[in-house]
Structures are given as structure tokens and as C-alpha cells.
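Trainee: Top line first, the protein sequences correspond to chains W and U. Residue numbers for the first sequence, in my numbering: 3 to 141. Residue numbers for the second sequence, in my numbering: 16 to 143. For reference, the structure I am asking about is given below.
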Amino acid sequence: MARNSRRPLSPHITIWKWGPHMLVSILHRATGTALAIGGGILFVWWLVALAGGDANYARFVDLMTSDSTGRLNWLPALVLVGLTWSFLQHLSSGVRHLLLDTGAGYELKVNKAGALVTLAISILLTLLIWVPIFYRGAQ
Amino acid sequence: MGNGTSIGRVRGLGSAHEGVKHWWHQRLTAGSNLLLVTWLVVSLFRLPLWSYKALVVWLSSPWASVPLILAVTSVFYHLRLGLQVVIEDYQHDFTRVIAIILLNFYAIGGAALAIYAILKVAFQGAIA
Numbered sequence: 003m004a005r006n007s008r009r010p011l012s013p014h015i016t017i018w019k020w021g022p023h024m025l026v027s028i029l030h031r032a033t034g035t036a037l038a039i040g041g042g043i044l045f046v047w048w049l050v051a052l053a054g055g056d057a058n059y060a061r062f063v064d065l066m067t068s069d070s071t072g073r074l075n076w077l078p079a080l081v082l083v084g085l086t087w088s089f090l091q092h093l094s095s096g097v098r099h100l101l102l103d104t105g106a107g108y109e110l111k112v113n114k115a116g117a118l119v120t121l122a123i124s125i126l127l128t129l130l131i132w133v134p135i136f137y138r139g140a141q
Numbered sequence: 016m017g018n019g020t021s022i023g024r025v026r027g028l029g030s031a032h033e034g035v036k037h038w039w040h041q042r043l044t045a046g047s048n049l050l051l052v053t054w055l056v057v058s059l060f061r062l063p064l065w066s067y068k069a070l071v072v073w074l075s076s077p078w079a080s081v082p083l084i085l086a087v088t089s090v091f092y093h094l095r096l097g098l099q100v101v102i103e104d105y106q107h108d109f110t111r112v113i114a115i116i117l118l119n120f121y122a123i124g125g126a127a128l129a130i131y132a133i134l135k136v137a138f139q140g141a142i143a
């Protein structure tokens, strides 16, 4: 579908003044995509490793964790923290979408507050989950 | 049907009669994901993930394997619907068709692989 370049486009993100609702909107799409591809592949990989038996699963765990300390390696840790935050952001933003679908929450102040609440929830819960894990050095 | 603007080419054709289904199923699976994936994430953080034996014992119970299969079905359907919208926003013409086909392969293939792995562990138990 070639676009006729003589016809005008509607104003896009370079025109509008940025606000939390715009950030949360694009984050919903970005986190959804990250979960769908990154989370999906890691999840299936984990299940297939588990179905492969004891030795197979041990190789998977060995790849994810350090031999000397038994803790998560930095790359899997980074991915898992990122996926945890993505999940919580997509979850809270998704619930916000369901509420918006009822026609509620479009007043400017309420809408802005709702967007900020999803960010607060996702960041706080991610810290609440992962700080104890890193502190204890579980795994 | 002329070659005018994109709106001009579809005006008067009526609805495709499937838009509402996509919208509604996206919301429906959002609700089932909310329950099932929250259960899964809480379960994962409570399990000793490095222990093969503990995970097999966990998955051998139908109270774990059945909700996990439901979660896989709900999540992969939801992600297929969601990524379809992303593709339709950014890809046009030929690449759009290819991308949607690859998405279908990924969603159906990923879900089939996951469900097979779950059932294998559930029915077969621990293997050396």
C-alpha cells in the first residue's frame, strides 16, 4: 500500500508533548513484544530442557548459573529481571486498559495518575522480588 | 474499486465481520492470563528451580500440569493476537503476509512444543 507523499499525515510522536500516558502506551507494546518473544523462547527452552531428563536439565541450570558461587550469571539475571519488570508493567498496564475499556478514567488528571500508578507498581514489585534474591544469593 | 486513498478503496464494502472477535479474544485471554500467569510466576519463585527432582514432582501433579497447559494456550493465543496488531501497524503488503505467517508458526509451534514437554514430564516422571 504505497502512500501518496503529497497527502498529509496525522501528527505523530515528534509533535506531541510527552506525558506518562504516552510512555505507558508504548511500553505496553514494547513489554508485550519482549514477553512474547524473549519470555516465550526462554519459557519453552526451560520446559524442553526439563522434559529432556536430569542431565539435560542440569546443563540448562549450569548455563544459567555460575559454577563457583551457584548464583545466576549476569546475563540470565539481567534477562530475568527485565522479563519480571516487563511482565509486571504489561500486567498493570493491561488491567488499566481493561478499566479504560469500560469508558472510565479518561479525565486528564485521573488518566495521568493511572499511567503513573502502573509504572510505580511494576518498578516497586520488581525490586521487592529481586532485591531479596540478590541479597540472599539464592540459587 | 478505484485506486484512490486507502479509505476510499474500502468505503462501502462493509465490515469484515471479524474485528470484534479479535478485540474480544484479546481481552478474554488478558483475563485468563491474569489468573494463570500470576499463578505460574508465584509458583516459579517458590520452587527450587535448580532442582530437577523437585520440578518433576511439581509437574507430575495435575494441579500443576493442567493449569500450566491452560497458561500456555492462553498466553500463546494472546501473544499471537497482540503481535498481529504490532505487525499490521508497521508492515505492509508482502512483508506483512510473511510476518503474519511466521507469527502463526511461532505461536502454534511454541505452544505445541511447550504442551508436549509438559505432558512428557507429567506422564513419564523423572528420567535419568
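Even glycine gets a Cβ: it sits at the ideal position worked out from N, Cα and C.
Quick one: Cα of U/Tyr131 to Cα of W/Gly40, how far?
Mentor: 20 angstroms
Trainee: Using a Cβ-Cβ cut-off of 6 angstroms (strictly less than) and excluding sequence neighbours within five positions of U/His93, which residues of its own chain qualify?
Mentor: Thr44 and Asn48
Trainee: Return no unless some Cβ of chain W is closer than 8 angstroms to the Cβ of U/Ala31.
Mentor: no
Trainee: Round the Cβ separation of U/Ile133 and W/Asp56 to the nearest angstrom and send it over; I've been treating them as touching at under 8 angstroms.
Mentor: Actually they are not in contact, since the Cβ atoms of U/Ile133 and W/Asp56 sit about 17 angstroms apart, beyond 8 angstroms.
Trainee: How big is the Cα-Cα spacing for W/Thr16 and W/Ala117?
Mentor: 20 angstroms
Trainee: Assess contact between the region 113–130 of chain W and the region 9–27 of chain W, defined as three or more Cβ pairs (one per stretch) separated by less than 8 angstroms. Is contact present?
Mentor: yes
Trainee: Quick check on U/His107: buried or exposed, where buried means 16 or more other Cβ atoms within 10 Å of its Cβ?
Mentor: exposed
Trainee: Please confirm if W/Ala38 has its CB atom under 8 angstroms from at least one CB of chain U.
Mentor: yes
Trainee: Specify, as a first and last residue, the run of the alpha helix (DSSP H) that U/Asp108 falls within.
Mentor: Taken as a continuous stretch (DSSP letters only), the alpha helix (DSSP H) holding U/Asp108 covers Asp108 to Gln139.
Trainee: Enumerate in chain order the residues of its own chain whose CB-to-CB distance from W/Gln141 is below 7 angstroms, with the five nearest sequence positions on each side excluded.
Mentor: Bear in mind that a pLDDT of 45 at W/Gln141, under 50, signals an unreliable position, so the number given afterwards is only what the model happens to contain. Result list for W/Gln141: Thr67, Gly72, Arg73 and Leu74, in chain order.
Trainee: Can you tell which of W/Trp18, W/Lys19 and W/Thr86 has its C-alpha closest to the C-alpha of W/Leu126?
Mentor: W/Thr86
Trainee: Along the region 104–135 of chain U, what residues have a CB closer than 7 angstroms to any CB found in chain W?
Mentor: His107, Asp108, Gly125, Leu128, Ala129, Ala132, Ile133 and Lys135
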